[in-house]
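Number of protein chains: 4
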Amino acid sequence: MKRGLFISVIGGSDCSAEGARLDGGVGRELAKRGVTLICGGLQGVMEAACRGAASQGGVTVGILPGDSRKDANPYVQIPIVTGMGYARNAIVAKSGQAVIAIGGSYGTLSEIAHALQNDIPVIGLGTWSLSRGGKQDKSIILAQNPVDAVEKALALAQKGGKDGRH
Amino acid sequence: MKRGLFISVIGGSDCSAEGARLDGGVGRELAKRGVTLICGGLQGVMEAACRGAASQGGVTVGILPGDSRKDANPYVQIPIVTGMGYARNAIVAKSGQAVIAIGGSYGTLSEIAHALQNDIPVIGLGTWSLSRGGKQDKSIILAQNPVDAVEKALALAQKGGKDGRH
Amino acid sequence: MKRGLFISVIGGSDCSAEGARLDGGVGRELAKRGVTLICGGLQGVMEAACRGAASQGGVTVGILPGDSRKDANPYVQIPIVTGMGYARNAIVAKSGQAVIAIGGSYGTLSEIAHALQNDIPVIGLGTWSLSRGGKQDKSIILAQNPVDAVEKALALAQKGGKDGRH
Amino acid sequence: MKRGLFISVIGGSDCSAEGARLDGGVGRELAKRGVTLICGGLQGVMEAACRGAASQGGVTVGILPGDSRKDANPYVQIPIVTGMGYARNAIVAKSGQAVIAIGGSYGTLSEIAHALQNDIPVIGLGTWSLSRGGKQDKSIILAQNPVDAVEKALALAQKGGKDGRH
Numbered sequence: 052m053k054r055g056l057f058i059s060v061i062g063g064s065d066c067s068a069e070g071a072r073l074d075g076g077v078g079r080e081l082a083k084r085g086v087t088l089i090c091g092g093l094q095g096v097m098e099a100a101c102r103g104a105a106s107q108g109g110v111t112v113g114i115l116p117g118d119s120r121k122d123a124n125p126y127v128q129i130p131i132v133t134g135m136g137y138a139r140n141a142i143v144a145k146s147g148q149a150v151i152a153i154g155g156s157y158g159t160l161s162e163i164a165h166a167l168q169n170d171i172p173v174i175g176l177g178t179w180s181l182s183r184g185g186k187q188d189k190s191i192i193l194a195q196n197p198v199d200a201v202e203k204a205l206a207l208a209q210k211g212g213k214d215g216r217h
Numbered sequence: 052m053k054r055g056l057f058i059s060v061i062g063g064s065d066c067s068a069e070g071a072r073l074d075g076g077v078g079r080e081l082a083k084r085g086v087t088l089i090c091g092g093l094q095g096v097m098e099a100a101c102r103g104a105a106s107q108g109g110v111t112v113g114i115l116p117g118d119s120r121k122d123a124n125p126y127v128q129i130p131i132v133t134g135m136g137y138a139r140n141a142i143v144a145k146s147g148q149a150v151i152a153i154g155g156s157y158g159t160l161s162e163i164a165h166a167l168q169n170d171i172p173v174i175g176l177g178t179w180s181l182s183r184g185g186k187q188d189k190s191i192i193l194a195q196n197p198v199d200a201v202e203k204a205l206a207l208a209q210k211g212g213k214d215g216r217h
Numbered sequence: 052m053k054r055g056l057f058i059s060v061i062g063g064s065d066c067s068a069e070g071a072r073l074d075g076g077v078g079r080e081l082a083k084r085g086v087t088l089i090c091g092g093l094q095g096v097m098e099a100a101c102r103g104a105a106s107q108g109g110v111t112v113g114i115l116p117g118d119s120r121k122d123a124n125p126y127v128q129i130p131i132v133t134g135m136g137y138a139r140n141a142i143v144a145k146s147g148q149a150v151i152a153i154g155g156s157y158g159t160l161s162e163i164a165h166a167l168q169n170d171i172p173v174i175g176l177g178t179w180s181l182s183r184g185g186k187q188d189k190s191i192i193l194a195q196n197p198v199d200a201v202e203k204a205l206a207l208a209q210k211g212g213k214d215g216r217h
Numbered sequence: 052m053k054r055g056l057f058i059s060v061i062g063g064s065d066c067s068a069e070g071a072r073l074d075g076g077v078g079r080e081l082a083k084r085g086v087t088l089i090c091g092g093l094q095g096v097m098e099a100a101c102r103g104a105a106s107q108g109g110v111t112v113g114i115l116p117g118d119s120r121k122d123a124n125p126y127v128q129i130p131i132v133t134g135m136g137y138a139r140n141a142i143v144a145k146s147g148q149a150v151i152a153i154g155g156s157y158g159t160l161s162e163i164a165h166a167l168q169n170d171i172p173v174i175g176l177g178t179w180s181l182s183r184g185g186k187q188d189k190s191i192i193l194a195q196n197p198v199d200a201v202e203k204a205l206a207l208a209q210k211g212g213k214d215g216r217h
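Protein chains in written order, with my numbering: chain U, 52 to 217; chain C, 52 to 217; chain R, 52 to 217; chain X, 52 to 217.
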């Protein structure tokens, strides 16, 4: 059985109308390419991305912090019930072969960090920027728009899938 | 979007030929009824159940203990990479609306316990039996064969899905 | 620096007066022998055991399921805040070099299972009894009273500490 | 029973001689003030901080990623064995009433993020700096040296302990 590709989309649980447009675009573009979307399963960026994916018949997985599948947004097809609170952020990061970070707050930052710690590529759309010792960290790959983000994520995920450890 | 039903199949990472026949039967019967199979993603009971489900075009989710999706058996369509070791057993239990336990060792016992602690029904096929204070605990519902196990699990999952908290 | 010994005491969050007597005895006997008591940090058996240990100047660690150290019972000196719900049960089990199980419900059963899965010895005082395939599992070592439980746990913990993997 | 204060010290598993001097200073200053040091239990910053604390008779807790207490550095008095890999970073962050971040890589960044997500104050000594939308995030409170870091952390931890939720 050939397994498909998995991309995690991370971002805050609230998002503006403009944000929702971007997120939905990411979801749609992933679904059009047959990629399974992994996310935290809640509202905001997560819901907008799932809605976009669902509109194109894509598969969506929501890794929930709480104890009930009812917390999942209505576009999550496969809810994973962790009951682990935000310690589940590590699982959201690790379950993608690449991560697309959109906007976001500290929860998103923790997912970016868990991904980078595991050598999983992170593509950023208007998200955190990091520096250490006065020097910028270039690990987050910047994207201009949803199509750009998805293409960069897919290229890196495929590379990892063939040669890398993920 | 109407979400389907999710049943977790738990059991040890090694199983006999007879075991594999039972497990495969459970996987096939779940898939025939359109139920998504959740499991720990590794070998033994988990692989046999996934293979059975895949043979009928069913969807299979593997919640892995390690850091790599490559640990998943070849019949897992959606690998969830937890990196949490056997603490992931709680997630396997909670992500099902009912749990079918087949044979198994202490890992399976921990999943049974996590399910019962969360009021998730457990159906047993040749698995652990529990007692306290010299009195048998009747929480594990006994099944005679794969079809019986799947029918009992589905009846309870549907009840929980409509009226219950899961 | 010579590190001391660590014994986990597990049991339900409610206990009878008789239960509290047993649990307090276990806490006291551990403290008298200079052993650090690990537990889930909440009420019932956990609180009674911590109170017993504190009465003898013992050190008590509570590995909490929630997000606040205020959930800890007043006899926990060192609260560990996991925010992971009952997935923390695996940590309670693994952090002891032996486990003493007193009474208890399904949460306790999950801790027993996680301990046995990790080859950590389990001593039982009026707790679960397990069987598989009609045959009793003898892994839980029965104790007659708190002193007996503590002596058995210590003997096994010391053995593991010297020769074993824990 | 009056419970003491708990400060988490986070940082990478390797550190320079200069780093070790800073970390050791933080550990010593915490111990002199009777504060329990929480850390990830391994080498580098964690070991240097524990050694500093131990030199002043302080209490040290190491929340380990792996399955064995033998992974702990020799200055950890109380090893917590999570077996959860880097998902344990959330626990390291949450178990402190304030967090002192020293240097560090992506693991440290994830701990900073988990702390900020939980409204736990973070004091930085030569660690990450964050910005979003071209604007610097001021959540990490900068310290000049170990004494300054410890005094700022303690002031904030005490405030949280009295009025706040931690």
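C-beta atoms are modelled at their ideal positions from N, C-alpha and C, and glycine is treated no differently.
- X/Lys145 is positioned such that its CB atom lies closer than 8 Å to that of X/His165.
- Close partners of X/Gly134 in chain R (Cβ separation under 7 Å): Ala141 and Lys145.
- Taken in chain order, the complete beta strand (DSSP E) segments of 3 or more residues contained in the stretch 52 to 125 of chain R are 57 to 62, 87 to 90 and 111 to 115.
- With its beta carbon less than 8 Å from one in chain C, X/Ala138 belongs to the interface.
- Among the CB atoms of chain R, one or more fall inside 8 Å of the CB of U/Asp118.
- Residue-level contact by beta carbon holds for R/Arg54 and chain X, with a gap shorter than 8 Å.
- X/Val86 is the residue among X/Gly78, X/Gly76 and X/Val86 whose C-alpha sits nearest the C-alpha of X/Arg54.
- For X/Ile129, the uninterrupted beta strand (DSSP E) run begins and ends at Ile129 to Val132, by DSSP.
- In the DSSP assignment, U/Ser190 is bridged to no other residue.
- When only Cα atoms are considered, C/Asn124 and X/Gly184 end up about 42 Å apart.
- Residue-level contact by beta carbon holds for C/Ala164 and chain R, with a gap shorter than 8 Å.
- The CB of C/Ile58 never comes closer than 9 Å to any CB in chain U; the least such distance is about 13 Å.
- By the C-beta density criterion, X/Ser106 is exposed, having fewer than 16 other C-beta atoms within 10 angstroms.
- With fewer than 16 neighbouring CB atoms inside 10 Å of its own CB, R/Ser67 falls in the exposed class.
- In the displayed model, C/Ser180 falls within a strand according to three-state DSSP.
- Look at X/Gly175 here: in three-state DSSP terms it is strand.
- Any Cβ of chain R closer than 8 Å to the Cβ of X/Val86 would place that residue at the interface, and such an atom is absent.
- Taking 8 Å as the cut-off, the Cβ atoms of U/Ile171 and U/Val60 do not count as close.
- For C/Ile151, the beta-bridge partners assigned by DSSP are C/Val60 and C/Ile174.
- When the Cα atoms are used, R/Ile114 and C/Gly63 turn out to be separated by approximately 28 Å.
- Think of a sphere of 9 Å around the beta carbon of U/Val112: the chain C residues whose beta carbon falls inside it are Val112, Ile129 and Ile131, in chain order.
- Ranked by how close their Cα comes to the Cα of X/Leu181, the residues X/Pro197, X/Ser161, X/Asp199 and X/Arg84 have X/Ser161 in first place.
- X/Gly155 is a Cβ neighbour of X/Trp179, given a cutoff of 8 Å.
- For C/Gly211, the enclosing alpha helix (DSSP H) has its first and last residue at Pro197 to Lys213.
- A straight-line Cα-Cα distance of about 38 Å links C/Pro130 and R/Leu88.
- The shortest CA-to-CA distance from C/Lys121 to any of C/Gln94, C/Ala104, C/Ala99 and C/Ile142 is the one to C/Gln94.
- Ranked by how close their Cα comes to the Cα of U/Asn140, the residues U/Gly91, U/Lys83, U/Gly177 and U/Ala200 have U/Gly91 in first place.
- Between C/Val198 and C/Glu98, the C-beta gap is not smaller than 8 Å, which leaves the two residues out of contact.
- Contact between X/Thr133 and R/Ile142 is confirmed by a C-beta separation of about 5 Å, below the 8 Å threshold.
- Residue burial is scored here from C-beta neighbours: U/Gln195 has fewer than 16 other C-beta atoms within 10 angstroms and is therefore classed as exposed.
- Contact check for C/Leu167 against R/Tyr137 fails: the beta carbons are separated by 8 Å or more.
- Under the 8 Å criterion on CB atoms, X/Asn196 is classed as non-interfacial with respect to chain R.
- The residue from R/Tyr126, R/Ala149, R/Asp118 and R/Ala206 with its alpha-carbon nearest to that of R/Met135 is R/Asp118.
- The beta carbon of U/Tyr126 does not come within 8 Å of any beta carbon belonging to chain X, so the residue lies off that interface.
- Cβ-Cβ distances below 7 Å link X/Asp188 to Leu181 and Ser182 in the same chain, with the five nearest sequence neighbours on each side left out; the list follows chain order.
- For the set U/Arg84, U/Thr111, U/Glu202 and U/Asp74, the Cα lying nearest the Cα of U/Ala100 is the one of U/Asp74.
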